[in-house]
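Right, one structure below, let's go through it.
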Amino acid sequence: MFSVTFAIVVLFFSIVYYYFKSKYFTLYGPIPGIPPHFMFGNLLHCAFLLPGAGSIPDVFLYMRERFGDVYQLWLGSKRMIMINCLEDAQHIFSHRLIYDQGDVFTKNLKIINPHGVICLKGAKFKRHASFTAPLFRRAKILVHFNTITECTDKLLDRWRTQYKDPNEVHLDMIEQSQQLLLGIFGLIAFDYDLQTLEENSGNNKHELTEAFHSFLNTMQIVLQLPTLLARIFWFLNFKARRARTVIDRYVNEMIEHELNSSLEMRSERKRTSFIASLVTSLQVDEKAEGAKPEEEKKGRLFEIKSIILLIASEYIGLSRVEVMSEMIGFLGAGYGTTSTSLIWFIYFMSKNPQIQNQIKKELAEYNGQRISHEQLDSLVYLECVLRELLRLVGPALGTVRTLTTDDKLPASGFELRKGESVMISFYALARDKRYWSDLYDLNEFHPERFLYDTEHRNNLSALMAFGGGHRQCMGQDLARLELKLICARLMQFVSFGDGGNEVNSGGYDVANVNKPKKIGVTVRFD
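Listed below in structure tokens is the structure:
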């Protein structure tokens with residue numbers, strides 16, 4: 043009896059193994075690549091082939107060198123057709139009806155944030171994008187210039203209190219940067235003080251920061267798993283689900299805080315306030331709207347035309363759950379991408395004192411005073427520094443699109459099939475000698491690459507830090523403004539020093555490939 047049961051169990055697991063191996067982990071078609079391992083894809087191969095390195099960015103470069111512009115790569119269970127040719131990348135971005143949002147977002151990421159605009163396609167995406175995209179227009183962003191400066195000054199005040207020894211090596215720059223950006227985004231997007239920048243804040247004040255850290259780490263894993271396993275992982279991950287509960291509580295508080303303000307005030311503030319615009323978008327009858335086909339969903343927008351006159355006009359609205367998903371998506375983006383770029387900026391300043399001094403010379407004429415938007419635009423060298431930062435260590439390694447029909451890549455000539463996913467490698471394009479001047483090593487940090495490019499030998503189309511096409515990052519203008527203003531303000535007052543290779547060697551974090559693995563710096567007030 044035992045032997046029969048054992049045989050059935052072995053047979054069952056063999057069938058399961060064969061199914062997953064053939065469906066998710068098999069090299070097929072004419073596109074080159076390395077046959078993947080079960081569950082791990084090509085990650086084990088590359089860890090073996092790249093001893094001492096083995097990070098995902100290193101894998102991208104190794105595979106491009108070995109197989110050329112187009113190859114198959116398994117990131118865990120996710121099969122990607124990697125695109126490393128600018129002409130093919132531009133073809134993909136310009137054919138939005140053939141290359142839609144990647145299934146890795148619309149299937150996996152949807153598990154943990156089902157109504158976020160990054161997870162949507164078709165009519166629902168258009169409905170959300172028609173409302174969320176205008177929130178990031180330049181006119182709405184510039185009004186928050188002073189808020190960004192004030193939050194950065196709060197961080198500097200905290201450092202003056204806590205970082206009194208200029209020779210002490212600080213290992214908490216990642217946390218400090220995340221708290222700054224989360225605090226800024228809470229205020230400019232939702233007019234809500236998350237209290238992440240208080241000098242003597244207790245652990246409860248950083249509850250949301252910790253929750254987002256857990257939530258985003260879970261997201262990294264969910265993106266790499268087969269959809270079924272991702273659902274199981276999310277269901278069993280009680281820590282991540284508790285983190286989502288914490289995030290939902292804060293987001294609900296923000297919504298209620300805004301709803302408690304008068305309708306007249308919200309109508310006035312929605313021109314510049316994300317949260318006022320989001321709350322104003324709420325559908326009046328969610329049940330009725332939910333029963334309609336997506337193409338027919340409408341909301342009711344009430345606008346104050348005078349003190350006593352209330353006029354209703356139809357528009358494409360969002361349900362409360364959808365508003366919450368968008369807020370979580372905005373907060374996650376504000377917490378993750380810009381803070382990561384700021385961390386890398388601090389790292390490169392600590393390693394390149396001559397570059398740091400050059401930025402300070404450019405800022406010297408303002409003598410620590412707050413700078414205006416026009417003055418910020420005039421900081422040419424700082425702009426070159428940030429361009430080089432986004433080229434070398436951009437906020438994303440690439441972006442994914444899934445084919446809605448068969449197509450052929452114009453430059454490489456490979457034929458692609460409906461349902462296949464392509465990943466455009468921003469990381470590889472930023473290091474491709476075909477698109478960049480040979481004055482400086484493409485693997486090193488040299489802002490002069492942009493400063494002295496008088497012959498226009500750099501093809502800036504290969505700099506895709508925020509993606510391209512109709513699904514490029516909506517908040518990139520805000521991210522650029524935040525990053526440049528924060529960096530300028532920090533450079534007006536502090537100098538970052540190298541804490542030594544033991545704690546300040548950079549590299550890439552395995553859990554979050556965009557963040558530096560080791561960063562330890564000194565902070566000296568000038």
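Under our numbering, read the sequence shown as residues 43 to 568, first letter to last.
Each residue gets a CB set at the ideal place from its N, CA and C atoms; glycine is no exception.
Values in this document were obtained by computation on a predicted structure and should not be read as measured data.
Please classify Tyr-234: does DSSP put it in a helix, a strand, or coil?
coil
Just to check my reading of the structure: Ile-160 and Phe-147 have Cβ atoms closer than 8 Å, yes? What is that Cβ distance to the nearest angstrom?
Contact between Ile-160 and Phe-147 is confirmed by a C-beta separation of about 5 Å, below the 8 Å threshold.
Just to confirm before moving on: does the CB-CB distance between Leu-222 and Thr-194 stay below 8 Å?
yes
Tyr-423: which of Tyr-60, Phe-492, Phe-67, Pro-74 sits nearest, CA to CA?
Phe-492
I need the straight-line Cα distance from Ile-466 to Asp-111, nearest angstrom please.
Cα-Cα distance, rounded: 10 Å.
Asp-419 versus Ala-49, Gln-400, Leu-53, Leu-184, residue with shortest Cα-Cα distance:
Leu-184
For Tyr-469 and Leu-439, believed in contact at Cβ under 8 Å, the rounded distance
5 Å
Which parts of the stretch 234-305 are runs of the alpha helix (DSSP H), unbroken and 4 residues or longer, counting only runs that do not cross its ends?
Within the stretch 234-305, the complete alpha helix (DSSP H) runs of at least 4 residues are 249-266, 269-278, 280-301.
Report the partner residues of Pro-77 according to the DSSP bridge assignment.
When DSSP reads this structure, Pro-77 sits in no beta bridge, so it has no partner.
List in chain order: all unbroken beta strand (DSSP E) runs of 3+ residues lying wholly within the stretch 423-505.
440-445, 463-467
First and last residue of the alpha helix (DSSP H) that includes Gly-549?
Not the alpha helix (DSSP H): Gly-549 falls in the beta strand (DSSP E), residues 548-550.
Do the CB positions of Phe-390 and Leu-431 come within less than 8 Å of each other?
yes
Does the Cβ of Asn-302 have 16 or more other Cβ atoms within 10 Å, making it buried, or fewer, making it exposed?
exposed
Is it a yes or a no for the stretch 391-402 touching the stretch 536-550, going by three-plus beta-carbon pairs under 8 Å?
yes
If you reduce the DSSP assignment to three classes, tell me which class Lys-559 lands in.
Here Lys-559 sits in strand by DSSP.
Helix, strand or coil: which one does DSSP assign to Val-159?
In the three-state DSSP reduction, Val-159 falls in the helix class (H, G or I).
Can you tell me where the alpha helix (DSSP H) holding Ser-367 begins and where it ends?
362-393
So, with DSSP's three-state summary, where would you put Asp-142?
strand
Neighbour-count burial assignment, Met-366, 16 or more Cβ in a 10 Å radius:
By the 10 Å Cβ count, Met-366 comes out buried.
Is DSSP giving Ile-134 helix, strand or coil here?
helix
Using the DSSP secondary-structure output, state which residues sit across from Ile-154 in a beta bridge.
DSSP lists no beta-bridge partner residue for Ile-154.
Cα-Cα, which of Glu-298, Phe-275, Ala-253 is closest to Thr-287?
Ala-253
Short check: CB of Pro-78 to CB of Trp-116, under 8 Å?
yes
Exposure of Ser-256, with buried meaning 16 or more beta-carbon neighbours within 10 Å
buried
Express the C-alpha separation of Gly-548 and Lys-560 in angstroms, rounding to a whole number.
The C-alpha of Lys-560 lies about 5 Å from the C-alpha of Gly-548.
Rounded C-alpha distance that separates Pro-452 from His-512
20 Å
Sequence-distant residues of the same chain with beta carbon closer than 7 Å to Phe-275, five excluded per side
Ile-263, Val-264, Leu-267
Using C-beta distances below 6 Å, list every residue in its chain close to Ala-504, excluding the 5 sequence neighbours before and after it, in chain order.
Leu-128, Leu-471, Tyr-477
Reduced DSSP secondary structure (H/G/I, E/B, other) of Val-565:
strand
Spell out a yes or no on whether the stretch 522-535 and the stretch 159-174 are touching, meaning 3 or more CB-CB pairs, one atom from each, closer than 8 Å.
no
Should Glu-457 be labelled buried (16 or more other beta-carbon atoms within 10 Å of its own) or exposed?
exposed
Since Ser-537 is in the beta strand (DSSP E), which residue starts that stretch and which ends it?
DSSP places Ser-537 inside the beta strand (DSSP E), whose first and last residues are 536-540.
According to the Cβ coordinates, are Phe-80 and Leu-177 closer than 8 Å?
no
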